[in-house]
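Accompanying notes for the structure given below.
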Amino acid sequence: MSNFIKGHWGRTTVENSKKPIVAVDIGGTKFIVAVVDNSGQILSRSYCLTHDEQGRARVIARLTEYVYKTVKKAGLNLDGIGGISLAVAGIIDINRRVITEAPNLYRWKNVGLASLIEDEIGIPAFLINDASAAAVGENRYGSGRGIENMIYVTVSTGIGGGLIIGGKLYNGYSGSAGEIGHMIIKTEGPVCNCGRCGCLESLASGTAMARMARERIYKCNQDTMLKEMDVNAITAEDIAAAARKGDRLCLEVIDEAGFFLGVGFANLVNIFNPQMIVVGGGVAQMGEMLLRPVRKSMKQHAFKLPSTAVRVVKSKLGSDAGVLGAAAYVRSIMEEEE
835 MSNFIKGHWG RTTVENSKKP IVAVDIGGTK FIVAVVDNSG QILSRSYCLT
885 HDEQGRARVI ARLTEYVYKT VKKAGLNLDG IGGISLAVAG IIDINRRVIT
935 EAPNLYRWKN VGLASLIEDE IGIPAFLIND ASAAAVGENR YGSGRGIENM
985 IYVTVSTGIG GGLIIGGKLY NGYSGSAGEI GHMIIKTEGP VCNCGRCGCL
1035 ESLASGTAMA RMARERIYKC NQDTMLKEMD VNAITAEDIA AAARKGDRLC
1085 LEVIDEAGFF LGVGFANLVN IFNPQMIVVG GGVAQMGEML LRPVRKSMKQ
1135 HAFKLPSTAV RVVKSKLGSD AGVLGAAAYV RSIMEEEE
């Protein structure tokens, strides 16, 4: 990445590192565009549904449109922007700036998104996994501030993760480290969007919870207030709302998802021995209703010493973690070149 900056943008790096960064957090359901200054303040932000079913070209065109809108909303023009950071839910080859796979984005394979956006807008563009970006955000500004060794796990439409080791983001050899959602937990488990069976994502994500609720309604005919709505349209948010009212089926679904998430956390604890695991994403809004069974399962399946040392906490930054981290990540790259 640093070679790219030197070779393509030359001496603009020092100047650009002082300017606000446009950060884009692209998920399977929605994307967020924000302009972030060098102190971590969000100057403006916009939200838009991804509408991936309309095709990749339409998504990229809409994303570009919202970049212009959000920069204007901040009272700036593109000359006042140092770069664009694209945080994407997928497997990223950082060196080639390519999305190699994106299980929750249809047909997003081997997409050179940074180059496409760069050619369209004309300022430096960078690519990072969305959960890795959120890990940086939480470590720099949120629940993990000052923590040297932490893991960020986002539980939403899918499950992703980011690793902070020795106070720095660990990307791995090719940039694809942290795909926590695709560790295999149950080899004969349900098929994941990635095509494999029994991934953590297929057992504990918001999408998995909705599937589990439908299965319990159809196969077991369990009583639940969810029957009052379109069962095929049930979401994790619906499950959480019903669970807060004491709905037994929904509480059981959350406990089951929490159990599998805890098994995944036990693996992380045994391998990395982190000080903290920060849980973010939409499903994390369930709070202790989800985190209690997660902690219980984690302690059951992990070694005692590392499981006693780690804290499992909810994200402080919420949906801002990705954009704040994406901006901080790019700024750190630029500053390395000074």
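Here the sequence shown stands for residues 835 to 1172, where the numbers follow my numbering. The C-beta atom is built at its ideal place from N, Cα and C for all residues, glycine as well.
Ser919 in three-state terms, based on DSSP = strand
query = On the three-pair Cβ rule with 8 Å, is the region 981-993 touching the region 1027-1045?
reply = yes
message = What residue range does the beta strand (DSSP E) around Ser878 cover?
response = 876-883
ask   = In three-state DSSP terms, what is Glu982?
value = coil
key: 4-residue-minimum alpha helix (DSSP H) runs that sit fully inside the region 963-1042, ordered along the chain   = 964-975, 1034-1038
query = For Ile928, which residues from the same chain have a beta carbon less than 8 Å from its beta carbon, with the 5 sequence-adjacent residues on both sides left out?
reply = Met835, Leu961, Ile962, Asn1005, Ser1008, Gly1009
query = From what residue to what residue does the alpha helix (DSSP H) around Glu1090 run?
reply = 1082-1106
key: Among Pro854, Gly1029, Cys1033, the one whose alpha carbon lies nearest that of Met1017   = Cys1033
key: Presumed contact (8 Å Cβ cut-off) between Val1103 and Ser1131, rounded CB distance   = So it is not a contact: roughly 11 Å between Cβ atoms.
inquiry  = Taking the straight line between their C-alpha atoms, what separation do you get for Tyr1163 and Ser878?
reply    = 19 Å
Lys903 in three-state terms, based on DSSP = Looking at Lys903 - three-state DSSP - the assignment turns out to be helix.
ask   = With C-beta atoms as the reference, is Gly1159 less than 7 Å away from Gly971?
value = yes
inquiry  = Per the DSSP calculation, Leu947 is bridged to which residue(s)?
reply    = Under the DSSP definition of a beta bridge, Leu947 lacks any partner.
request  = Please check the pair Arg1050 and Leu1083, which I expect to be a contact at CB under 8 Å, by giving their CB distance rounded to whole angstroms.
outcome  = Contact holds; Cβ gap of about 5 Å.
request  = State whether the region 899-911 contacts the region 940-947, with contact taken as three or more CB pairs (one from each stretch) at a distance under 8 Å.
outcome  = no
ask   = For the beta strand (DSSP E) that Lys1079 lies in, which residues bound it at each end?
value = Here Lys1079 belongs to no beta strand (DSSP E), and DSSP marks it neither H nor E.
message = Is the beta carbon of Ile957 closer than 7 Å to that of Asn983?
response = no
query = Do Gly1012 and Leu1151 have their C-beta atoms within less than 7 Å of each other?
reply = no
query = For Ala868 versus Val1157, is the C-beta spacing smaller than 7 Å?
reply = For the 7 Å CB-CB criterion, Ala868 and Val1157 form a contact.
request  = Have a look at Ser1153 and Lys1061 and give me their C-alpha separation to the nearest angstrom.
outcome  = 30 Å
inquiry  = Taking a contact to mean a Cβ-Cβ separation below 7 Å, would you say Ile1068 touches Val1087 in this structure?
reply    = no
query = Buried or exposed: which applies to Glu1022, given that a residue is buried once 16 or more other Cβ atoms fall within 10 Å of its Cβ?
reply = exposed
inquiry  = Quick check on this structure: which residue in Ile951, Gln1056, Ala965 has the alpha carbon closest to the alpha carbon of Ile894?
reply    = Ile951
request  = Given a cut-off of 7 Å, decide if Gly916 and Ile955 are closer than it, judged by their beta-carbon atoms.
outcome  = no
Environment of Asn973 [buried if 16+ CB atoms lie within 10 Å] = Residue environment: Asn973 is assigned as buried (16 or more neighbouring CB atoms within 10 Å of its CB, all protein chains considered).
task = Can you give me the start and stop residues for the alpha helix (DSSP H) that Glu1170 sits inside?
result = Unbroken alpha helix (DSSP H) run through Glu1170: 1155-1170.
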